[in-house]
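Working notes for the structure below.
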Ligand SMILES: [Zn+2]
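In my numbering, the protein residues as written are 5 to 99.
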């Protein structure tokens, strides 16, 4: 195996603490930009991405997390207007 940061030969993903720190910063940045990308997606595109996951794997996905965040933070009217499937708990919450 080679270090994913400096390509030096090593036993794990990274060869040293410095490379490990670099990798985790890089991963954090990638997650952040993935989140930023998802933020601008319309409802149907987000559903499409979630549907690409195999059964049971979508629950842990960034797309599903984003969807849940929207379902919790948007109003019932906003969700309906923007084409979301409004879950029963949201109706109850807004009743
Ligand atoms: Zn390294």
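Note that beta-carbon positions come from the ideal geometry of N, C-alpha and C, so glycine has one too.
Because the structure is a prediction, the values reported are computed rather than measured.
- Bridge pairing for residue 13: 6 [DSSP].
- Residue state for residue 59 is assigned as coil, using DSSP reduced to three classes.
- Around residue 48, the same chain offers 87 as residues with beta carbons nearer than 7 Å, after the five sequence neighbours per side are excluded.
- Residue 83 is a Cβ neighbour of residue 94, given a cutoff of 8 Å.
- In this structure, the beta-carbon distance from residue 98 to residue 80 falls below 8 Å.
- Between ligand 1 and the CB of residue 18, the shortest heavy atom gap is smaller than 7 Å.
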